[in-house]
Amino acid sequence: MRKLRAGVGRRSGAAGLLALLGVGILAGILFLGRGLLGSEDVTWQAMQRRGSWRVGMDPSFPPFEMLDENGQPVGLDVDLAQAMAQEWGLELEIVALGFDGLVDALLAGKIDSVVSALPYDPRLTEDIAYSPPYFEAGVRLVTPQGSPIQGVQALAGKRVAVEWGSAGDGVGRRLRREEPSIQLVQRPTPQEAVAALLSGEADALLIDGVTLGLAQAQGAPLQAVGPPLESEPYVIAVPLDAPILQERVREALEGLAQSGALARLEARWFASPSAPP
Amino acid sequence: MASLNGSQSAARGTGSLPRLFAALLLLGLILALFFLVWRPFSQSVPLGPQQQVQTINPKMGVHTRLTDEAEAWKIKRTLEMVREMGAPWIVEYFPWAYYEPEPGVFDWGHPDLVIRHARRQGLTVIARLGFAPEWARPPGATPLYLDEESYEAFGRYAAAFARRYAGQVDYIILWNEPNLSMEWGFRPVDPAAYVAMLRVVTPMVKAANPDVQVLAGALAPSLAPPGSEWGLDDLRYLQGMYDAGAKEYFDVLAIHAYGWHFDPDEPAAPDVVNFRRAELLRQIMVANGDGEKKAMITEGGWNDHPRWTKAVRPGQRIRYTIRAYQIAQEEWPWLESISLWAFRFPWDTKSYQDYFTFVSTDFEPKPIYLEVQRYAQGRWRAP
Numbered sequence: 001m002r003k004l005r006a007g008v009g010r011r012s013g014a015a016g017l018l019a020l021l022g023v024g025i026l027a028g029i030l031f032l033g034r035g036l037l038g039s040e041d042v043t044w045q046a047m048q049r050r051g052s053w054r055v056g057m058d059p060s061f062p063p064f065e066m067l068d069e070n071g072q073p074v075g076l077d078v079d080l081a082q083a084m085a086q087e088w089g090l091e092l093e094i095v096a097l098g099f100d101g102l103v104d105a106l107l108a109g110k111i112d113s114v115v116s117a118l119p120y121d122p123r124l125t126e127d128i129a130y131s132p133p134y135f136e137a138g139v140r141l142v143t144p145q146g147s148p149i150q151g152v153q154a155l156a157g158k159r160v161a162v163e164w165g166s167a168g169d170g171v172g173r174r175l176r177r178e179e180p181s182i183q184l185v186q187r188p189t190p191q192e193a194v195a196a197l198l199s200g201e202a203d204a205l206l207i208d209g210v211t212l213g214l215a216q217a218q219g220a221p222l223q224a225v226g227p228p229l230e231s232e233p234y235v236i237a238v239p240l241d242a243p244i245l246q247e248r249v250r251e252a253l254e255g256l257a258q259s260g261a262l263a264r265l266e267a268r269w270f271a272s273p274s275a276p277p
Numbered sequence: 001m002a003s004l005n006g007s008q009s010a011a012r013g014t015g016s017l018p019r020l021f022a023a024l025l026l027l028g029l030i031l032a033l034f035f036l037v038w039r040p041f042s043q044s045v046p047l048g049p050q051q052q053v054q055t056i057n058p059k060m061g062v063h064t065r066l067t068d069e070a071e072a073w074k075i076k077r078t079l080e081m082v083r084e085m086g087a088p089w090i091v092e093y094f095p096w097a098y099y100e101p102e103p104g105v106f107d108w109g110h111p112d113l114v115i116r117h118a119r120r121q122g123l124t125v126i127a128r129l130g131f132a133p134e135w136a137r138p139p140g141a142t143p144l145y146l147d148e149e150s151y152e153a154f155g156r157y158a159a160a161f162a163r164r165y166a167g168q169v170d171y172i173i174l175w176n177e178p179n180l181s182m183e184w185g186f187r188p189v190d191p192a193a194y195v196a197m198l199r200v201v202t203p204m205v206k207a208a209n210p211d212v213q214v215l216a217g218a219l220a221p222s223l224a225p226p227g228s229e230w231g232l233d234d235l236r237y238l239q240g241m242y243d244a245g246a247k248e249y250f251d252v253l254a255i256h257a258y259g260w261h262f263d264p265d266e267p268a269a270p271d272v273v274n275f276r277r278a279e280l281l282r283q284i285m286v287a288n289g290d291g292e293k294k295a296m297i298t299e300g301g302w303n304d305h306p307r308w309t310k311a312v313r314p315g316q317r318i319r320y321t322i323r324a325y326q327i328a329q330e331e332w333p334w335l336e337s338i339s340l341w342a343f344r345f346p347w348d349t350k351s352y353q354d355y356f357t358f359v360s361t362d363f364e365p366k367p368i369y370l371e372v373q374r375y376a377q378g379r380w381r382a383p
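Chains A and B are the protein sequences, given in the same order.
Position 64 (the first sequence) corresponds to 64 in the numbering used here; numbering is contiguous.
Position 290 (the second sequence) corresponds to 290 in the numbering used here; numbering is contiguous.
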């Protein structure tokens with residue numbers, strides 16, 4: 001029985017070695033294949049042949065994208081895409097599309113990418129690839145600079161301004177369910193909600209990142225405190241089978257963020273959202 | 001030793017077969033138990049006690065979107081929240097292709113679930129029927145394509161539905177927005193063809209359940225001129241229906257009343273799509289001697305997407321929505337109910353459509369839900 005066991009053990013050992021070898025070979029093939037496939041990026045190749053990066057956007061969302069008096073797209077996303085295309089030695093070609101048609105156009109190969117204040121959608125990650133976020137547009141808790149309020153835990157008994165019916169209002173009502181002493185100061189527009197905070201009618205504000213950016217760029221002494229209470233990151237969408245383009249987009253965004261160029265673009269366009277500076 | 005080893009190997013070999021059978025048997029038992037235990041559990045959410053909707057406005061309703069909601073508890077929770085908001089009416093879609101996958105083979109499991117829970121919450125269901133199965137349409141045609149050869153097949157489905165839910169569902173909408181090319185299978189729209197369908201299907205439904213009320217129309221608000229590839233103006237289309245003899249083949253006109261960026265008190269005009277366009281459709285009913293019939297708004301409302309060109313601000317949406325419910329109750333005696341699009345989606349569409357909803361996919365009530373609820377309780381006032 002010992003011999004038998006030993007025999008079985010030997011056979012098991014040999015089988016194990018063979019299995020390991022097989023797994024190793026398979027992994028090697030996959031790795032090699034991935035490497036080979038990685039160099040196959042028809043989108044990137046088409047961009048090189050064409051000499052342009054074809055970007056889809058809906059130019060109706062200042063300060064990210066809009067049309068100037070000559071009907072030309074301008075805005076933060078336009079400049080961002082321009083900077084990236086320039087880095088790659090390509091022309092930027094903007095295709096104006098309705099917001100709801102952008103992803104379909106990408107899937108259909110009509111455009112190379114979407115740069116259009118596009119919110120990240122986890123449901124589409126099997127169909128398209130996303131860049132890292134370049135802007136957070138979700139709901140933030142905002143206070144005047146120097147305020148002792150440093151998070152939602154400090155809102156008990158405080159007056160919190162919101163745009164009536166907005167996502168910020170929704171967050172405020174949820175917080176009030178947990179802490180009934182919070183008083184919501186509801187205003188019809190986001191601008192009036194900001195004004196309520198600045199005039200002292202409210203101690204804090206729950207507002208989206210775009211409204212906050214616009215107010216700050218206009219000189220309002222406001223600060224966002226804590227993490228977003230509802231996240232809505234804006235990302236760039238790229239075809240799933242375009243590994244080179246995905247990597248270039250990631251590198252370019254990283255470079256623009258590190259160099260401060262992205263922050264400068266934000267400051268520039270949020271300060272002057274309705275017309276080219 | 002060799003023979004010993006050989007015989008032991010043989011014994012091991014023969015012994016592995018029973019073990020394999022035992023393993024397969026065990027696997028089979030586990031699977032059987034899984035299907036026996038899991039399936040009933042997944043669909044066995046208790047109906048709970050009979051409920052009643054408390055509201056100051058009995059015409060209030062919403063279009064639910066439970067067609068693709070697979071989980072029973074989510075169906076129940078959705079309908080509970082409709083009741084808690086104070087809306088006694090729901091419109092729900094029961095696609096033909098889902099429930100008659102083969103001719104004459106019906107699968108009523110999901111509609112049973114939705115209708116039982118809706119009734120237990122005290123809600124009145126308006127059933128929207130449409131969406132042709134593959135076997136009932138030409139190859140390559142979309143599920144919204146219904147040709148004359150399939151009218152009877154659609155009638156058999158509608159009749160089977162009416163018969164099964166007799167006493168539970170008293171209102172059935174036949175097809176949706178036939179004045180849009182897309183909703184008519186990407187063909188030129190044709191009021192006479194739609195009426196030809198009603199002429200076949202309505203008598204079949206009535207024969208199956210004489211008490212059911214057939215809703216027709218459900219036209220998309222549109223300004224498309226004659227000859228447009230996209231569709232036809234709903235006012236022209238409705239007149240076209242009457243011209244083709246529609247009057248005898250429906251009981252209630254279904255109206256879609258979207259406000260886009262207009263206040264609900266904006267006056268109606270033939271060249272404007274706004275909420276009061278419903279009044280123009282009503283005028284056509286009256287002008288064609290159909291003033292005795294009622295109408296129901298089975299879709300409508302406002303959208304508060306931050307980017308969509310036809311959207312309004314969230315506060316405007318609240319104000320307009322409540323005003324629309326008020327108009328329906330106070331000014332339109334010919335309107336039986338008003339069901340606004342859309343209560344909740346099973347998942348985020350990540351498009352402007354999400355900004356029509358009252359409740360998020362995770363059942364978090366949006367501010368509009370809470371404000372409408374206050375209105376239904378008689379406690380609402382604008383800030």
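Using N, Cα and C, we set each Cβ at its ideal position, and we do this for glycine too.
- For G260(A), there is no enclosing alpha helix (DSSP H), since its DSSP letter is neither H nor E.
- Per DSSP, W96(B) lies in no beta strand (DSSP E) segment; the continuous alpha helix (DSSP H) that holds it begins and ends at W96 to Y99.
- Interface criterion met: the Cβ of R307(B) is under 7 Å from a Cβ in chain A.
- Assignment of beta strand (DSSP E) within the stretch 81 to 152 of chain B, counting only whole runs of 3 or more residues, yields 89 to 95 and 124 to 130 in chain order.
- At a cut-off of 7 Å, the C-beta of I318(B) has a neighbouring C-beta in chain A.
- K350(B) reaches chain A at P119, D121, R123 and L124, counting residues in chain order whose Cβ is nearer than 8 Å.
- In the structure shown, L215(B) adopts extended strand secondary structure according to DSSP, grouped into three states.
- Between the C-alpha atoms of E330(B) and P101(B) there is a straight-line separation of about 44 Å.
- Inclusion of W260(B) and V272(B) in the CB contact set at 7 Å is not warranted, their separation being larger than that value.
- Interface annotation, P314(B): in contact with chain A, CB-CB separation under 7 Å.
- Between E192(A) and V105(B), the alpha-carbon positions lie close to 59 Å from each other.
- In the three-state DSSP reduction, G172(A) falls in the helix class (H, G or I).
- The three-state reading of DSSP puts I94(A) in strand, counting E and B together.
- If you draw a straight line from the Cα of G157(A) to the Cα of R174(A), it is about 15 Å long.
- Within the stretch 184 to 230 of chain A, the runs of beta strand (DSSP E) at least 3 residues long that lie entirely inside it are, in chain order, 204 to 208 and 222 to 230.
- Among the residues facing chain B, W164(A) is included, as its CB has a counterpart in that chain under 7 Å away.
- Out of V169(B), G155(B) and P226(B), the CA that lies nearest to the CA of S181(B) is found in P226(B).
- According to DSSP, A237(A) shares a beta bridge with V114(A) and Y130(A).
- The DSSP assignment places complete beta strand (DSSP E) segments of no fewer than 3 residues inside the stretch 201 to 247 of chain B at 213 to 219, in order along the chain.
- Sixteen is the threshold: since fewer than 16 other Cβ atoms of the shown chains lie within 10 Å of the Cβ of S44(B), the residue is exposed.
- Residues of the same chain with a CB within less than 6 Å of the CB of M241(B), apart from the 5 flanking positions on each side, are P191 and V195 in chain order.
- Secondary structure at A254(B): strand, using DSSP grouped into helix, strand and coil.
- Here the alpha carbon of D147(B) sits roughly 9 Å from the alpha carbon of P138(B).
- Leaving aside the five residues that flank A160(B) on each side, the residues in its chain whose CB is nearer than 8 Å to its CB run, in chain order, E100, F106 and A208.
- In the three-state reduction of the DSSP assignment, K76(B) falls in the helix class.
- Note that the C-beta distance between Y375(B) and I322(B) is below 7 Å.
- Contact check for V62(B) against S351(B) fails: the beta carbons are separated by 7 Å or more.
- In this structure, D77(A) lies near V115(A), with their beta-carbon atoms less than 7 Å apart.
- A direct Cα-Cα distance of roughly 29 Å separates V189(B) from F343(B).
- With a threshold of 7 Å between beta carbons, G168(A) makes no contact with chain B.
- Counting only residues of its own chain and dropping the five nearest sequence neighbours on each side, W334(B) has a CB closer than 7 Å to the CB of R282, K294 and A295.
- Counting every other CB atom within 10 Å of its CB across the protein chains shown gives W269(A) a total of 16 or more, marking it as buried.
- Annotation: G260(A) to E254(A) spans about 10 Å, alpha carbon to alpha carbon.
- Judged by their CB atoms, V42(A) and S113(A) are not nearer to each other than the 7 Å cut-off.
- Between W53(A) and L90(A), the beta carbon gap of about 5 Å places them in contact (Cβ cut-off 8 Å).
- Among the residues facing chain B, Q186(A) is included, as its CB has a counterpart in that chain under 7 Å away.
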